[in-house]
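Asker:
In my numbering, the protein residues as written are 4 to 312.
Here is the structure:
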């Protein structure tokens with residue numbers, strides 16, 4: 004019988020538990036763009052924001068691809084295309100690393116894949132991918148949560164040995180619903196109350212109501228962080244890496260400016276999904292990659308575009 008070191012949704016009470024696993028794995032085993040201070044900052048805070056990863060021309064290419072992908076998704080009837088809870092505007096498009104040639108190559112970008120290998124200390128694969136849209140005036144909030152809590156309970160991810168890479172595709176300001184993160188929160192696991200119903204993902208992708216931390220645990224994490232919350236603001240092309248157990252969320256966007264990002268979850272090849280640790284059935288493949296898993300070979304994403312433009 005396997006041991007669950009991160010039990011959650013197993014009772015009526017929430018609990019704050021100390022993390023059982025390292026943050027940086029096998030430091031120095033892989034070469035990449037992150038230096039020692041970058042790794043130290045990630046290990047301490049649970050996230051790292053990088054500027055100047057992509058050139059202005061590359062950002063322009065990504066913006067065009069984003070626009071085209073959104074146009075193609077409008078009106079599409081697919082589980083992988085999620086709309087806003089109170090409208091038909093697109094909120095997220097999942098599995099873009101499989102269904103879109105450009106974003107497939109972006110997921111293999113040399114810079115971000117090598118950085119992910121440095122953080123996880125192993126070869127990596129894409130566990131989940133999506134493009135997130137938060138339209139101006141109507142983009143809804145996403146409450147505080149740890150991705151690992153959901154991936155562990157509903158997908159069977161054994162350990163928090165995964166990292167999310169968010170490539171900012173539109174300028175992120177304080178006022179258009181940027182991602183907010185609690186520094187150091189990745190060192191604690193919030194065991195949440197409740198029980199997961201079947202097909203919970205159908206509702207949670209629009210508005211998450213299970214697997215969210217209680218207010219007392221959030222307050223403790225906030226105080227442990229020195230009463231700090233960081234916002235991922237910056238120009239299009241910025242890249243944010245955040246640890247799978249980092250507590251994060253975002254407010255609604257009531258500004259005129261939309262907010263969008265490409266989102267790739269890199270998982271260690273040694274941390275592949277098992278049976279869910281909760282009572283519900285496995286979530287679909289577009290949310291939790293189980294098939295055809297192989298290490299990503301880093302590529303020069305924009306080599307072709309630079310030749311033809």
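No residue lacks a Cβ here, since even glycine has one placed at the ideal position from N, Cα and C.
Should residue 60 be labelled buried (16 or more other beta-carbon atoms within 10 Å of its own) or exposed?
Answerer: One-based indexing of the chain shown puts residue 60 at position 57. Exposed, since its Cβ has fewer than 16 Cβ neighbours within 10 Å.
Asker: Going by the beta-carbon positions, is the gap between residue 157 and residue 259 smaller than 7 Å?
Answerer: Taking the chain shown and counting its residues from 1, the one referred to as residue 157 is at position 154. Taking the chain shown and counting its residues from 1, the one referred to as residue 259 is at position 256. Taking 7 Å as the Cβ cut-off, residue 157 and residue 259 do not qualify as a contacting pair.
Asker: Three or more C-beta pairs closer than 8 Å, one from the segment 180–198 and one from the segment 226–236: is that the case here?
Answerer: A contact exists between the segment 180–198 and the segment 226–236.
Asker: So does the segment 171–179 actually touch the segment 113–120, counting three or more Cβ pairs closer than 8 Å?
Answerer: Output reads no: the segment 113–120 does not touch the segment 171–179.
Asker: Taking the alpha helix (DSSP H) that residue 107 falls in, what are its first and last residues?
Answerer: Taking the chain shown and counting its residues from 1, one reaches residue 107 at position 104. Looking at the DSSP string, the run of the alpha helix (DSSP H) that includes residue 107 is 104–109.
Asker: Going by CA-CA distance only, name the one from 288, 224, 163 that's closest to residue 247.
Answerer: In the chain shown, residue 247 corresponds to position 244, counting from 1. Per the Cα distances, 163.
Asker: How should residue 296 be labelled, buried or exposed, when 16 other C-beta atoms within 10 angstroms of its C-beta is the threshold for buried?
Answerer: For the purposes of this step, residue 296 is taken as residue 293 along the chain shown, with counting starting at 1. Per the 10 Å Cβ criterion, exposed.
Asker: Straight-line CA distance for residue 106 to residue 99?
Answerer: As a working mapping, residue 106 is identified with position 103 in the chain shown. As a working mapping, residue 99 is identified with position 96 in the chain shown. Using only the alpha carbons, I get a separation of about 6 Å.
Asker: Mapping DSSP to helix, strand and coil, what is residue 233?
Answerer: The residue labelled residue 233 in the question sits at position 230 within the chain shown. In the structure shown, residue 233 sits in a strand (DSSP, three-state: E or B).
Asker: For residue 96, which residues in the same chain have their Cβ closer than 7 Å to its Cβ, ignoring the five residues on either side in sequence?
Answerer: Here the question's residue 96 lines up with position 93 in the chain shown. These residues qualify, in order along the chain: 72, 76, 83, 84, 133, 134.
Asker: State the beta-bridge partners of residue 251 as determined by DSSP.
Answerer: Working through the chain shown from its first residue, we reach residue 251 at position 248. The partner list for residue 251 (beta bridge, DSSP) reads 148, 184.
Asker: Identify the continuous alpha helix (DSSP H) that holds residue 192 and give its terminal residues.
Answerer: Counted from its first residue, the chain shown places residue 192 at position 189. Not the alpha helix (DSSP H): residue 192 falls in the beta strand (DSSP E), residues 191–194.
Asker: List the whole-angstrom C-beta distance separating residue 19 from residue 218, where the pair is believed to meet the contact cut-off of C-beta under 8 Å.
Answerer: As a working note, residue 19 is residue 16 in the chain shown. As a working note, residue 218 is residue 215 in the chain shown. About 12 Å separates the two Cβ atoms, so there is no contact after all.
Asker: Alpha carbon to alpha carbon, how far is residue 308 from residue 215?
Answerer: Counting from one through the chain shown, the residue named residue 308 turns up at place 305. Counting from one through the chain shown, the residue named residue 215 turns up at place 212. Confidence at residue 308 is low in this model, with a pLDDT of 48, below 50, so its placement is unreliable and the value that follows should be read with caution. Near 41 Å, if we compare the C-alpha coordinates of residue 215 and residue 308.
Asker: Put residue 128 into one of helix, strand or coil per three-state DSSP.
Answerer: To locate residue 128, count along the chain shown from 1; it is residue 125. Three-state result, residue 128: strand.
Asker: Please name the residue or residues paired with residue 84 in a DSSP beta bridge.
Answerer: The count along the chain shown starts at 1 and reaches residue 84 at position 81. Partner(s): 96.
Asker: Assign residue 307 to one of three DSSP states: helix, strand, or coil.
Answerer: The residue labelled residue 307 in the question sits at position 304 within the chain shown. In this predicted model, residue 307 has a pLDDT of only 49, less than 50, meaning its place in the structure is not dependable; the value taken from the coordinates is given anyway. Three-state result, residue 307: helix.
Asker: How would you call residue 304, buried or exposed, if buried means at least 16 neighbouring beta carbons within 10 angstroms?
Answerer: For the purposes of this step, residue 304 is identified with residue 301 of the chain shown, where counting begins at 1. Classification of residue 304: buried, given that the 10 Å Cβ count is 16 or more.
Asker: Given a cut-off of 7 Å on the beta-carbon distance, is the pair residue 301 and residue 62 in contact?
Answerer: Translated into positions along the chain shown, residue 301 becomes position 298. Translated into positions along the chain shown, residue 62 becomes position 59. No, Cβ-Cβ distance for residue 301 and residue 62 is not below 7 Å.
Asker: Tell me the rounded alpha-carbon separation between residue 194 and residue 169.
Answerer: Counting from one through the chain shown, the residue named residue 194 turns up at place 191. Counting from one through the chain shown, the residue named residue 169 turns up at place 166. Cα to Cα, the separation comes out at about 25 Å.
Asker: Is residue 145 buried or exposed, if buried means 16 or more other CB atoms sit within 10 Å of its CB?
Answerer: Working through the chain shown from its first residue, we reach residue 145 at position 142. It is buried - the Cβ of residue 145 has at least 16 other Cβ atoms within 10 Å.
Asker: Could you compute how far the alpha carbon of residue 36 sits from the alpha carbon of residue 21?
Answerer: Position 33 of the chain shown, counting from 1, holds the residue named residue 36. Position 18 of the chain shown, counting from 1, holds the residue named residue 21. Their Cα atoms are separated by approximately 30 Å.
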